[in-house]
Each structure stands twice: as C-alpha cells, then as structure tokens.
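Peer 1:
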Amino acid sequence: MKRLTYLLLAGIALLGLGSGNAFAQATASGAIQGTVTDKSGAVVGGAQVVAKNKGTDLERTVTTSDTGYYRFELLPVGTYTVTVSKSAK
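Per my numbering, residue 196 is the first one in the sequence shown, and the count goes up by one each step.
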C-alpha cells in the first residue's frame, strides 16, 4: 500500500511539473480587424490587406470580404503597419 501511495504522489508531482512548462510557453498574441472603404464610403471587397510587424518584418496578407471586412488573428504582439491595395479593373 505504501508503494501505491508513493507512486500516486510521484505521478501527481510529475503532472504538476509538466503543466508549469505548458503555461510558461504561452505567448501573447492579438488581432487586427477592420473594414476597407473608398473615398465615398463604399466598401471595397477583394482588396489585399497586408499587416507588417515593424520590429520583426513579419508579414501577413488577407483579402477583404464582399463587405470590405478583414481580420488578422494570432499576431505576435507588436507595432504593425497596415496597407491596402486593389487593382483597378
């Protein structure tokens, strides 16, 4: 019985150590979202939106929806420059 108790306590201790590493590896992230409109206020669907992290030069690209909406998720925390472009048809 003492051996079973010892193994149980040792297992619980190991689980506690493992979970600490999981929390230590968590990183902060954020999101950028918005709606692209033209000068008249009309939404711009199909536009390319680029978010570039100023500190790391990481770039992510998305395309706006038919309603002009875009969203970048799980971005590392930092300062970003967001640019929008669309080819004239």
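Virtual Cβ for every residue (Gly too), placed ideally from N, Cα, C.
So V245 and T278 are in contact, right, with Cβ under 8 Å, and what is the actual spacing, rounded?
Peer 2: The Cβ separation is near 5 Å, so the contact holds.
Peer 1: With a 10 Å radius around its C-beta and 16 neighbouring C-beta atoms as the bar for buried, classify G241 as buried or exposed.
Peer 2: Result: exposed.
Peer 1: What did DSSP end up calling G236 once you bin it into helix, strand or coil?
Peer 2: Three-state result, G236: coil.
Peer 1: Answer yes or no: do S224 and L253 have a C-beta to C-beta separation smaller than 8 Å?
Peer 2: Their beta carbons are not under 8 Å apart, which means S224 does not touch L253 by this criterion.
Peer 1: Using C-beta distances below 7 Å, list every residue in its chain close to V239, excluding the 5 sequence neighbours before and after it, in chain order.
Peer 2: These residues qualify, in order along the chain: V231, T232, D233, T259, G263, K281.
Peer 1: Extract the residue ranges of the beta strand (DSSP E) inside the stretch 232-278, only unbroken runs of 3 or more that lie entirely within it.
Peer 2: Segments of the beta strand (DSSP E) lying fully in the stretch 232-278: 243-248, 254-258, 264-271.
Peer 1: Using DSSP with H/G/I as helix, E/B as strand and the rest coil, what is A283?
Peer 2: Three-state result, A283: coil.
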